[in-house]
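Student: Terminal number for the sequence shown in this note's numbering: 375, no gaps in between.
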Amino acid sequence: MRKFMFGLAVAAFALTLNAQQLELNSATASLTRAGANPVVGTPYTVYGNQSFDFRVGGNPSSGFILLLGTLATSSTQPLAGFGITDYLDLDQGAGIQIIGDGISFSSTLPGSWFFTNASGQSDWVVPTSPTMWGTNIDMQTILTDTALPPFFLNFSAAGRWAITGLIQTIFQGDDITQAITTSHAYPLYGANRTQFVFCTNGQGVAGAVGSTSYTTSTATFNSGLVTGSPSFAPLWDDLYMYQQYGRQCAVIEDPTAQYVRCEWQNINYFAQTTGSIGTISMTITDVGGVCQVDYDYSAFVGNAQRGLVGISDGNVATTSTSAGDLVTAGVVNSYVSPATADTYYQDFSLTPLDLAGVILHWLDTSGNGDWLLY
Numbered sequence: 002m003r004k005f006m007f008g009l010a011v012a013a014f015a016l017t018l019n020a021q022q023l024e025l026n027s028a029t030a031s032l033t034r035a036g037a038n039p040v041v042g043t044p045y046t047v048y049g050n051q052s053f054d055f056r057v058g059g060n061p062s063s064g065f066i067l068l069l070g071t072l073a074t075s076s077t078q079p080l081a082g083f084g085i086t087d088y089l090d091l092d093q094g095a096g097i098q099i100i101g102d103g104i105s106f107s108s109t110l111p112g113s114w115f116f117t118n119a120s121g122q123s124d125w126v127v128p129t130s131p132t133m134w135g136t137n138i139d140m141q142t143i144l145t146d147t148a149l150p151p152f153f154l155n156f157s158a159a160g161r162w163a164i165t166g167l168i169q170t171i172f173q174g175d176d177i178t179q180a181i182t183t184s185h186a187y188p189l190y191g192a193n194r195t196q197f198v199f200c201t202n203g204q205g206v207a208g209a210v211g212s213t214s215y216t217t218s219t220a221t222f223n224s225g226l227v228t229g230s231p232s233f234a235p236l237w238d239d240l241y242m243y244q245q246y247g248r249q250c251a252v253i254e255d256p257t258a259q260y261v262r263c264e265w266q267n268i269n270y271f272a273q274t275t276g277s278i279g280t281i282s283m284t285i286t287d288v289g290g291v292c293q294v295d296y297d298y299s300a301f302v303g304n305a306q307r308g309l310v311g312i313s314d315g316n317v318a319t320t321s322t323s324a325g326d327l328v329t330a331g332v333v334n335s336y337v338s339p340a341t342a343d344t345y346y347q348d349f350s351l352t353p354l355d356l357a358g359v360i361l362h363w364l365d366t367s368g369n370g371d372w373l374l375y
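1) Nearest to Thr86 by alpha carbon, out of Leu356, Ser76 and Thr219?
2) For Gly211, count the other beta carbons within 10 Å of its own beta carbon; 16 or more makes it buried, fewer makes it exposed. Which is it?
3) Can you look up Thr286 in the DSSP assignment and give me helix, strand or coil?
4) Is Asp238 buried or exposed, if buried means 16 or more other CB atoms sit within 10 Å of its CB?
5) Closest to Leu354 by CA distance: which of Ala330, Gln245 and Ser27 is it?
6) Rank Val288, Gly370 and Ile312 by C-alpha distance to the C-alpha of Leu361 and give the top, closest one.
7) Answer yes or no: do Gln266 and Gln249 have a C-beta to C-beta separation smaller than 8 Å?
8) Considering only C-alpha positions, which residue in the set Thr280, Tyr336, Gly160 and Gly208 is nearest to Ala180?
9) Hey, would you say the C-beta of Pro151 is under 7 Å away from at least one heavy atom of the ligand NAD?
10) For Pro188, list the residues DSSP reports as bridge partners.
11) For Thr145 and Ile97, I'd like the C-alpha separation in whole angstroms.
12) Is the number of C-beta pairs between the region 43-53 and the region 23-31 that are closer than 8 Å three or more?
13) Alpha carbons only, please: which of Pro131, Gly289, Thr165 and Thr275 is nearest the one belonging to Thr366?
14) Alpha carbon to alpha carbon, what distance is there between Ala37 and Gly59?
15) Is it the case that the Cβ atoms of Pro235 and Val310 are separated by a distance below 8 Å?
16) Roughly how many angstroms lie between the CA atoms of Gly174 and Val332, to the nearest whole one?
17) Let me know the secondary structure DSSP gives Pro131 once reduced to three states.
18) Cutting at 6 Å between CB atoms, please list the residues of its own chain near Pro339, excluding the five before and the five after it.
19) Tell me the start and end of each unbroken beta strand (DSSP E) in the region 320-347 that is at least 3 residues and wholly inside, in chain order.
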């Protein structure tokens, strides 16, 4: 029952700027998420398809309570007069909710305190709901610690969990695809599309079936990575995207802002287990009934030697197919589609990529594949 009340209590917390968060985690009092300590000014992001989760750490079988409130701009030491120098990083004036039925300053702990397990841990997973999107949960814990008389209390660090309506899906590996169904329909090449499949090999399609292809081919791209499905190639090549090498792909959708983005993070080519040539992303945004597709190379190192970059109608109704030079000396070369259902690309199989630091904006001016590149 206390957990249920806890889930209801968090929805109204407001943003506090310039919070101090002076208290640090210790071996006998900690509050973390996925093994990470709270970072001042950087909240934990809870995506709309995730749960609000955290771990309380301390000594085995330590009693603890949860404090929920608002991060304070000025942390206090409420027990300094008793020699306890721990900081309370929540704003007492804004009100603090105590989950665990309060603190007893007597020799007997209240029976409703929570307790860590034999390993000194307590893991929490609380479901979120759309009513919580756009809110923050600010929290700190107090644990019992027999090494700290006279009250035997130890404060953890305080953290903020920012609950967002963004939907995130992570995938990684070699020649792996990830299918998603978006909550918003994106007008592309004459149809409203909610199904997309992205691949670790720097490409994706608008459709229910994806491609794991890692061998670039202009003929394949002209007819679509999957025939009949519009195809996108921010950097189509044989990429190696394992998390143990610090790499992954992340698909993020914002139903409110009406965009879906795939990020290829810390990429490198097949069999390369060290180093990175940077991060690239592709974002499809509904702009007043037509779509803009952005290929972002702002975090791209630029020493890549191969790949195909472009956009294809997938042989839906091909009326125009052409190759061109996308960028010259760091400047995007403008391009206007000569017809609808256009396919336009550059094959870098013989020329090193020169896309570092630029963003390719593809605007479908009609909704039917009349691309304006700028």
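The beta-carbon is built from N, C-alpha and C at its ideal position, and this holds for glycine as well.
Tutor: So, from the listed chains and residues:
1) Ser76
2) buried
3) In this structure, Thr286 counts as strand in the three-state DSSP scheme.
4) buried
5) Ala330
6) Check the Cα spacing between Leu361 and each of Val288, Gly370 and Ile312: the tightest is with Ile312.
7) yes
8) Gly208
9) Of the ligands one can find in the structure shown there are none, so the ligand NAD has no counterpart to examine.
10) Asn193
11) 19 Å
12) no
13) Gly289
14) Roughly 15 Å separates the two Cα atoms.
15) yes
16) 33 Å
17) helix
18) Ser321
19) 321-324
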